[in-house]
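*Asks:*
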Amino acid sequence: CRSVCLFFLGNLLLVCLLLLDNKWFLLNSIVQSTGYYLQYVIQVGFEADTWQQLNIEFDRSLSNQLWDNKAGSRLLIDQVEGATGEAMDSPSEHFQSHDATFIHWWTLFYWGWWISWVPFVGMFIAKISRGRTIRSVVLGGLVAPIAYTFVFMIVLGSLGIKMQRVAELALHETVPLDASGPNCTAMGYVSGQPVTPQAIGLADAGYYPLSCRAEHERLYDAMEPYGDGIASWLHLLCVFGVTVYFVTSSDSGSYVDDTLSAGGMVDPPPLQRLYWCVTEGMCAIALFWGGGQEALQALRALSVCMGLPLTFLLCFMCSSLLRAVKFDSSDSDIRSMTRFITGVWDFTEGFEPQVESRFLPSKAQRVVSLVLALFAPFLAMHSMHLRLFGTSTSWLHTSAQGVCFVIWIGCMIGETGTPNASFIGWTFFVSFVIHITTVRVMARQAYNVYGWVLEDFAACLFMYPMVCSQMELQAKALPVLVDRNADPNEGLDDSLDHPEHPFVLRTSSGKPQDLSNVRGVQNTRPWDPAVAPPPYGWGANAPPPGAKVQGVDAGLIADTASRSSHAGSNIPMPPQPP
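Residues -20 to -1, 1 to 558, numbered by mature numbering (1 follows the signal peptide of the UniProt record, and there is no 0), are exactly what the sequence shown covers, in order.
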């Protein structure tokens, strides 16, 4: 009920603003802004300031904030200036690039902010979506909120831009498009307040240069042009809506924290939820009171950093969701396959997974195998190599993985004495990951396990000890189910009732056969002229009815050829003579 009332308040405010101002302007802005978004979302979404950030290596005034850049005495600018004996020019003098650090506050990296909300929002949406279809959850939890946010933000943003333009035209001052910002003094504003008669008169009329106003005042300034009574009503509506929205969001967050702290209980104790509400509020007040804006920025930066590890977990969660949906819909490709006896995430359950299996190794075996896979993964993989490749070539694969792994560790250690040695080591690590990914793909095929090569690569890249332990335990517990060296076409012709038909024999021997080898003429096809000329008895070379061709009745041959030539078409079969 509370959520419905809040949604009604938001719609009431939105419709009021839409009808009180220039409706055609706002409707046009909704259409145009949506089109701009759809046009540029791909381009801007992939914008990474590649060449602007390259300037960090060319300009000494810019801090080296890229984690893989050369540092210290190996800076590119030091090497070049040492070689030429002259200072390098500033990149801005040649390339007219914008600030190389712009990407640090670009909204593209709000992904970290939103991903950090995944555990909280995901659990809450799962709670309120129980019993609904996936389609309704996607539409109600993703598509509809985005569309509604588009309309709301476009209306408020358009009104803000309109107010800014009115102020610039009335106060005869244009805000420059560069990063210098507005000249608020020229517009009659000091510390966000109007001081000149023109600026005061414009403010009394309900218009402000929003670029010169404080951030917390701009939302309410946008509601001023409609008269004191209407503005007060809109302010009251806005304050009440924002307050209750915050309380609702805090209550949802407290519910999630309460559920997690209660071990997943569906209905945790109410007093425990009250505890979380109070502590969250006290924490927010303390941060704001003690550190102000800087503390909030630090908290925001911490949230973005916490979103980074969740990004990798989301990749596995998306794969798990796809598997669950395919299994629930009884797709044959996953229902007809098996699984490995152990999972790469079993360590999170203390090596005691809830899925029971009579082949499940003991906890001691799991721990020993994981330790071996951590420090000598190539030895752990050797058991699977024996299963897949036999004794003759298994040691080749084990040795190749061992060489890559040892070189990786050695180069990482050698970085202390040899610059850039670690990058050579990472190259061998990638080779090691690709090799064990290939083996895992072959193991899935051999054990008839459902999966995808990208899943295998991600697991091997981020969790190679778990993957190698999984391969070792699987190979020691069970033999392969599918021989990877077997001919997949073996026995394919056994189901045919004419194994010596010329078409079948021709695919293996390449030699045209005559009709004396045909058994079950009713199943034959016309001779393929692209391979060999038709033998006597087909087409224009057909013998007269009643004649014998190598012991086969010519009438039966002609009838078979006619029926075969019409097979699969919509042309009616011609009547056959008795």
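The C-beta atom is built at its ideal place from N, Cα and C for all residues, glycine as well.
Between the Cα of ASP308 and the Cα atoms of ARG338, THR165, ILE114, which residue gives the shortest distance?
*Replies:* ILE114
*Asks:* Please classify ARG338: is it buried, with 16 or more other beta-carbons within 10 angstroms of its beta-carbon, or exposed?
*Replies:* exposed
*Asks:* How big is the Cα-Cα spacing for VAL170 and THR176?
*Replies:* 9 Å
*Asks:* Taking C-beta to C-beta, are ALA401 and CYS391 nearer than 7 Å?
*Replies:* yes
*Asks:* Since VAL419 and MET451 are thought to touch, with beta carbons under 8 Å apart, how far apart are those beta carbons, to the nearest angstrom?
*Replies:* 7 Å
*Asks:* Check whether the Cβ atoms of VAL155 and SER191 sit closer than 7 Å, and answer yes or no.
*Replies:* Inclusion of VAL155 and SER191 in the CB contact set at 7 Å is warranted, their separation being smaller than that value.
*Asks:* Taking C-alpha atoms, which residue in PRO162, GLY168, TYR188, THR165 lies nearest to MET143?
*Replies:* It is TYR188 whose Cα lies nearest to the Cα of MET143.
*Asks:* Span of the alpha helix (DSSP H) holding PRO445?
*Replies:* 444 to 457
*Asks:* What is the C-beta distance between GLY(-11) and GLY221, in whole angstroms, given that I count them as a contact (C-beta under 8 Å)?
*Replies:* 6 Å
*Asks:* DSSP state of TYR169, grouped into three classes?
*Replies:* strand
*Asks:* Report the CB separation of SER300 from SER449 in whole angstroms; it is logged as a contact under 8 Å.
*Replies:* Not a contact, Cβ separation roughly 20 Å.
*Asks:* Under a three-way DSSP split, which group does residue 565 fall into?
*Replies:* This structure gives no information on residue 565, because the portion of the chain shown stretches from -20 to 558.
*Asks:* On the CB-based measure, 16 or more other CB atoms within 10 Å of its CB, does PHE268 come out buried or exposed?
*Replies:* exposed
*Asks:* With 16 as the cutoff for other CB atoms within 10 Å, does ASN2 come out buried or exposed?
*Replies:* ASN2 is exposed by the Cβ-count criterion.
*Asks:* Thinking just about the alpha-carbon of each residue, which of GLN32, TRP388, THR373, GLN334 is nearest to the one in GLU73?
*Replies:* GLN32
*Asks:* Quick check on DSSP: helix, strand or coil for THR14?
*Replies:* helix
*Asks:* Since LEU461 and ALA426 should fall inside the 8 Å C-beta cutoff, what is the C-beta to C-beta distance between them, to a whole number of angstroms?
*Replies:* Contact flag correct, Cβ pair sits at about 7 Å.
*Asks:* Roughly how many angstroms separate the alpha carbons of LYS491 and ASP313, rounded to a whole number?
*Replies:* Confidence at LYS491 is low in this model, with a pLDDT of 46, below 50, so its placement is unreliable and the value that follows should be read with caution. In a straight line, the C-alpha of LYS491 is about 39 Å away from that of ASP313.
*Asks:* If you compare alpha carbons, which of GLY243, SER77, TRP406 is closest to PHE385?
*Replies:* TRP406
*Asks:* Ignore the nearest five residues each way along the sequence and tell me which others in VAL447's own chain have a CB closer than 7 Å to its CB.
*Replies:* Closer than 7 Å at Cβ, skipping near neighbours: VAL324, ILE416, ARG420, ALA439, CYS440.
*Asks:* Quick check on residue 567: buried or exposed, where buried means 16 or more other Cβ atoms within 10 Å of its Cβ?
*Replies:* No answer is possible for residue 567: it lies beyond the span of the chain, which begins at -20 and ends at 558.
*Asks:* Taking 7 Å as the limit between beta carbons, can you name the residues of its chain near PHE292, skipping five residues before and five after?
*Replies:* So the list reads PHE442, once near-sequence residues are dropped.
*Asks:* How would you call SER41, buried or exposed, if buried means at least 16 neighbouring beta carbons within 10 angstroms?
*Replies:* exposed
*Asks:* Give the range of the alpha helix (DSSP H) segment to which ASP201 is assigned.
*Replies:* First-last of the alpha helix (DSSP H) with ASP201: 195 to 201.
*Asks:* Is GLY526 helix, strand or coil when you go by DSSP?
*Replies:* Interpretation of GLY526 is limited by its pLDDT of 49, a score under 50 that renders its predicted location unreliable; no figure is taken from the coordinates.
*Asks:* Exposed or buried, which one is VAL135 when buried takes at least 16 other CB atoms within 10 Å?
*Replies:* Around the beta carbon of VAL135, 16 or more other beta carbons lie within 10 angstroms, which makes this residue buried.
*Asks:* Taking its Cβ as the centre, do 16 or more other Cβ atoms sit within 10 Å of TYR17, making it buried, or is it exposed?
*Replies:* exposed
*Asks:* With a cut-off of 7 Å, does the C-beta of PHE327 fall near any C-beta of chain C?
*Replies:* Among the protein chains of the structure shown there is no chain C, as only one such chain exists.
*Asks:* Straight-line CA distance for THR129 to VAL21?
*Replies:* 16 Å
*Asks:* Where does THR129 sit, in a helix, a strand or coil, going by DSSP?
*Replies:* helix
*Asks:* Relative to the C-alpha of residue 562, which residue among GLY382, THR396, SER372, PHE409 is closest?
*Replies:* As displayed, the chain neither begins before -20 nor continues past 558, which places residue 562 out of reach and without an answer.
*Asks:* Determine the burial state of LEU182: buried for a count of at least 16 other Cβ atoms within 10 Å of its Cβ, exposed for fewer.
*Replies:* buried
*Asks:* Name the DSSP beta bridge partners of THR318, please?
*Replies:* VAL429
*Asks:* Contact defined as beta carbons within less than 8 Å: I believe ALA194 pairs with MET203. What is the distance between those atoms, to the nearest angstrom?
*Replies:* Wrong, their Cβ atoms sit about 16 Å apart, outside the cutoff.
*Asks:* Does DSSP put PRO250 in a helix, in a strand, or in coil?
*Replies:* helix
*Asks:* Over what stretch of residues does the alpha helix (DSSP H) that includes PHE100 continue unbroken?
*Replies:* First-last of the alpha helix (DSSP H) with PHE100: 98 to 108.
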